[in-house]
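> Chains Z and S, in that order, give the protein sequences. Mapped onto the UniProt record's numbering, the consecutive letters of the first sequence carry residue numbers 1 to 141. Mapped onto the UniProt record's numbering, the consecutive letters of the second sequence carry residue numbers 1 to 379.
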Amino acid sequence: MTDTAPQPLRPAQPYIRLDGDTPYVEGRLCSACGARTAAVHLACPGCGGRDTVQSYRAPTTGRLHAYSIVRRSYPGVPVPFVSAIVDLDDGLTLKGNLINVAPEPDALPVGMPVRMVFGDAMGRTDKDGASYVAFFFEPAA
Amino acid sequence: MSESVYILGIDMLKFGKYPDRTFAQLGGEAALLALDDAGLTVRDVQAMYCGSVFGAYDMTGQAVMREIGQTGIPVTNISNACATGASAFREAWIAIKSGLYDAVLAVGVEKMPRGMLGAGHETGISLEGLFGSASMPAVFAESGMEHAGKWGTTFEQFAKVSVKNHHHSTMNPKAVYQKETPLEEVMGSEMIAYPNTKLMCSVNVDGSAAAVLVSEKKAREMGMGRAIRVMASALASDPWNPRNPIMPDVNSVTRLAAQTAYDMAGIAPSDVSLVELHDCFATAELLHYENLQLCAPGQAGRLIDEGVTALGGRVPVNVSGGLLSKGHPLGATGIANMYEIALHLRGEAGARQVEGAKVGLTHVVGLGTASAVHLFEKA
Chain Z
1 MTDTAPQPLR
11 PAQPYIRLDG
21 DTPYVEGRLC
31 SACGARTAAV
41 HLACPGCGGR
51 DTVQSYRAPT
61 TGRLHAYSIV
71 RRSYPGVPVP
81 FVSAIVDLDD
91 GLTLKGNLIN
101 VAPEPDALPV
111 GMPVRMVFGD
121 AMGRTDKDGA
131 SYVAFFFEPA
141 A
Chain S
1 MSESVYILGI
11 DMLKFGKYPD
21 RTFAQLGGEA
31 ALLALDDAGL
41 TVRDVQAMYC
51 GSVFGAYDMT
61 GQAVMREIGQ
71 TGIPVTNISN
81 ACATGASAFR
91 EAWIAIKSGL
101 YDAVLAVGVE
111 KMPRGMLGAG
121 HETGISLEGL
131 FGSASMPAVF
141 AESGMEHAGK
151 WGTTFEQFAK
161 VSVKNHHHST
171 MNPKAVYQKE
181 TPLEEVMGSE
191 MIAYPNTKLM
201 CSVNVDGSAA
211 AVLVSEKKAR
221 EMGMGRAIRV
231 MASALASDPW
241 NPRNPIMPDV
251 NSVTRLAAQT
261 AYDMAGIAPS
271 DVSLVELHDC
281 FATAELLHYE
291 NLQLCAPGQA
301 GRLIDEGVTA
311 LGGRVPVNVS
321 GGLLSKGHPL
331 GATGIANMYE
341 IALHLRGEAG
351 ARQVEGAKVG
361 LTHVVGLGTA
371 SAVHLFEKA
């Protein structure tokens, strides 16, 4: 029997990067039109510019733009959870679970400040048994 | 470019579950009904466009021709999410407009899988419920909550859409449901994704609809008596928006298609007598009031409160019952919307007739990525 070294966490989204053990979101910014995206494209989706897009480290604070309280999802997905659209302070938009808040409309004022936190992907593992790192949002107040 | 294009015949099957019938049988039945309505036969048809989401990979259009007569005409299968049927219609319109043909058949047909649509894409693990939800009820709930955050639109106002459309469907024998749903029932039914309850989600059904489009020359030859003139056919894809594709933008794409259609027809939104729009979820309908310029930005909640979009109001919306109660077989929906408009322009809509209907608008949006808007008037 051989000991296997602990596997590093894998990013649950292609735009989650690992700086050593510290995860962060890598955004993409177009120097020509200012468009920001999380996904990588062949050219800037905002202006079609080529070689105008550079990656950068996204901030971890932002505001709640819109949400839904999901009470029925696909089989096996735990509910309820808050599916949140968050505008980060630099203008990059991400979607994620809003946690540490009651899943009630009164607790979810649009515009509320939130922060991004990273953690294990709710215990989900792939066919190789590998674990993943995901981001979540929580109220920043 | 040819002169005007006309719908000469159009019809649909009652939406519902058809487990014992194939895509081709469903599409073929609607095609035959539309041909009968036009007073033409399959031998008059010079090209055919078939819209289907879940049957598109199966050469469904050619299979429809095997049901109704294999005349060897060019057949093209179209898939464009919920804009599929309208896209097939638009290809038929283009084919006549180009001057190539005088009579073209457009068919929209769907057999729907069970369950909720919109599965998340996979990396190594399932992402649904981990990075929010990609389910359609949640995606359209988020769009509704964006409107609520900006304009103060309420859960009750969204729910009223469903009350209205279900009421309309009680007068439509081709709707899958024909039952009233009072406000308390809509608001109290199972919450799927706040603010969309189960009764605020469109109905998962099978169905088909078909239209026979003809050139001006053919319409004159056949008689204009029941012909419907296509005033505008517009299709748009989603333009860049800082929040997409993280948040599918159902607004911009519809606004683009609508403005193109109004410009093409040379009319103002206030000229529209009735609208069949894409109420895939109750939240969506209110957004589209503004996207289609039926009211000013922020006024959609007021429109539903004041009954402006109910039968008898200034601009009735979804008098058929809409996707919420008539049903939503994706590929068939776009042409079924046009069938409803044709009924009203011809004065054949029975109990739900919009009196004095002159101009009708149809709208569909496939996620935030494809939207079609058509305008029609009686020839």
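We treat Cβ as the ideally placed atom computed from N, Cα and C, and that holds for glycine.
#1: For PRO75/Z, count neighbouring C-beta atoms within 10 Å of its own C-beta (all shown protein chains included) and say buried if the count is 16 or more, exposed if not.
#2: Given 8 Å as the limit, is there contact between the stretch 110 to 118 of chain Z and the stretch 190 to 208 of chain S, that is, 3 or more CB pairs closer than that?
#3: Beta-carbon within less than 7 Å of ARG352/S's beta-carbon, same chain only, minus the 5 sequence neighbours each way: which residues are those?
#4: Can you round the beta-carbon distance between VAL161/S and GLU276/S to whole angstroms, since I take them to be within the 8 Å contact cut?
#5: From the DSSP output, which residues share a beta bridge with ALA106/S?
#6: Quick check: does the Cβ of SER162/S come within less than 7 Å of any heavy atom belonging to the ligand FAD?
#7: Take the Cβ of THR22/Z as the centre, count every other Cβ of all protein chains shown within 10 Å, and call the residue buried at 16 or more, exposed below.
#8: Please report the straight-line C-alpha distance between GLU122/S and ALA102/Z, rounded to a whole angstrom.
#9: Less than 8 Å separating the beta-carbons of ARG229/S and SER4/S?
#10: When you compare only the Cα positions, how much space is there between LEU303/S and VAL365/S?
#11: Answer with buried or exposed for VAL40/Z, where buried requires no fewer than 16 other C-beta atoms within 10 angstroms of its C-beta.
#12: Is any beta-carbon of chain Z found at less than 8 Å from that of ARG243/S?
#13: May I have the straight-line CA-CA distance separating ALA81/Z from GLY119/Z, to the nearest angstrom?
#14: Quick check on the DSSP output: the alpha helix (DSSP H) that includes TYR339/S runs from which residue to which?
#15: Which word fits ARG243/S, buried or exposed, when buried means at least 16 other C-beta atoms lie within 10 angstroms of its C-beta?
#16: Is the CB of ILE16/Z under 8 Å away from at least one CB in chain S?
#17: Taking 8 Å as the CB-CB cut-off, is PHE131/S touching chain Z?
#18: Along chain Z, which residues have their Cβ under 7 Å away from the Cβ of TRP240/S?
#19: Kindly indicate which residue of TYR15/Z, ILE85/Z, GLY62/Z has the alpha-carbon position closest to the one of PHE140/S.
#20: Mark GLY152/S as exposed unless 16 or more other C-beta atoms lie within 10 angstroms of its C-beta, in which case mark it buried.
#21: Tell me whether MET122/Z sits in a helix, a strand or coil according to DSSP, three-state version.
#22: Where DSSP assigns a beta bridge to SER131/Z, which residues make up the other side?
#23: Should ILE10/S be flagged as near chain Z, meaning a C-beta pair shorter than 8 Å?
#24: Using a cut-off of 9 Å between C-beta atoms, extract the partners of ALA370/S located in chain Z.
#25: For a contact meaning CB atoms closer than 8 Å, what does GLY149/S contact in chain Z?
#26: Output yes or no for whether 8 Å exceeds the beta carbon distance between ILE68/S and GLY132/S.
#27: Grab me the residues of PRO316/S's own chain with a C-beta within less than 7 Å of its C-beta, minus the 5 sequence neighbours each way, in chain order.
#28: Determine the extent of the beta strand (DSSP E) in which LEU294/S is found, giving its start and end residues.
#29: Please go through the same chain and pick out, in chain order, the residues whose beta-carbon is closer than 6 Å to the beta-carbon of ASN337/S, but skip the five residues on each side of it.
#30: Answer yes or no: does any C-beta atom of chain S fall closer than 8 Å to that of MET1/Z?
#31: I'd like to know if LEU94/Z contacts chain S, where contact means its C-beta is closer than 8 Å to some C-beta of that chain.
#32: Decide if the stretch 12 to 29 of chain S is in contact with the stretch 175 to 189 of chain S; the criterion is three or more beta carbon pairs, one per stretch, under 8 Å apart.
#33: Straight-line CA distance for VAL373/S to THR125/Z?
#34: Does DSSP put ASP263/S in a helix, a strand or coil?
#35: Tell me which residue opens and which closes the alpha helix (DSSP H) that HIS166/S is part of.
According to the structure shown:
#1: Counting Cβ neighbours within 10 Å, PRO75/Z comes out exposed, since fewer than 16 surround it.
#2: Touching, no, given that fewer than three Cβ pairs across the two stretches are closer than 8 Å.
#3: HIS168, MET171, ASN172, LEU311, VAL319, listed in sequence order.
#4: At roughly 14 Å, the Cβ-Cβ gap does not stay under 8 Å, so VAL161/S and GLU276/S are not in contact.
#5: BP columns for ALA106/S point to TYR49/S, ALA211/S.
#6: The ligand FAD is absent from the structure shown, which contains no ligand whatsoever.
#7: Note on THR22/Z: under 16 other CB atoms within 10 angstroms of its CB, so exposed under the neighbour-count rule.
#8: Confidence is the limiting factor: at GLU122/S the pLDDT is only 49, short of 50, which leaves the residue's position unreliable and the question unanswerable from this model.
#9: Yes, they are a contact pair.
#10: The C-alpha of LEU303/S lies about 21 Å from the C-alpha of VAL365/S.
#11: Here VAL40/Z is exposed. Its C-beta has fewer than 16 other C-beta atoms within 10 Å.
#12: Closer than 8 Å to some Cβ of chain Z, the Cβ of ARG243/S qualifies, so yes.
#13: Rather than Ala, the amino acid found at residue 81/Z in this sequence is Phe. The alpha-carbon atoms of PHE81/Z and GLY119/Z are separated by roughly 16 Å.
#14: Boundaries of the alpha helix (DSSP H) harbouring TYR339/S: 330 to 345, taken from the DSSP string.
#15: Its Cβ being crowded by 16 or more others within 10 Å, ARG243/S is buried.
#16: Chain S contact via Cβ: absent.
#17: So yes, PHE131/S belongs to the interface.
#18: Contact annotation for TRP240/S against chain Z: ALA35, PRO45, GLY46 [CB-CB distance below 7 Å, chain order].
#19: Of the residues TYR15/Z, ILE85/Z, GLY62/Z, the one whose Cα lies closest to the Cα of PHE140/S is ILE85/Z.
#20: Exposed, because fewer than 16 other Cβ atoms sit within 10 Å of the Cβ of GLY152/S.
#21: Strand, per DSSP.
#22: Looking at the DSSP output, SER131/Z bridges to THR125/Z.
#23: Taking Cβ atoms only, chain Z never reaches closer than 8 Å to ILE10/S, which makes this a no.
#24: Close to ALA370/S, with beta-carbon spacing below 9 Å, lies no residue of chain Z; the smallest spacing is near 16 Å.
#25: The answer, in chain order, is HIS65, ALA66, VAL110, GLY111.
#26: Going by C-beta atoms, ILE68/S is not nearer than 8 Å to GLY132/S.
#27: Closer than 7 Å at Cβ, skipping near neighbours: LEU274, THR309, ALA310, VAL354.
#28: Where LEU294/S is concerned, there is no enclosing beta strand (DSSP E), given that its DSSP letter is neither H nor E.
#29: For ASN337/S, where only same-chain residues beyond five positions count, the Cβ hits under 6 Å are GLU276, THR362.
#30: Low confidence applies here, because MET1/Z scores a pLDDT of 46, under 50, leaving its location unreliable; read the following figure in that light. So, not an interface residue.
#31: Judged by the 8 Å Cβ criterion, LEU94/Z is in contact with chain S.
#32: With contact defined as three or more Cβ pairs closer than 8 Å, the stretch 12 to 29 of chain S and the stretch 175 to 189 of chain S are in contact.
#33: A direct Cα-to-Cα measurement between VAL373/S and THR125/Z gives close to 44 Å.
#34: Helix.
#35: From DSSP, the alpha helix (DSSP H) with HIS166/S extends over 155 to 169.
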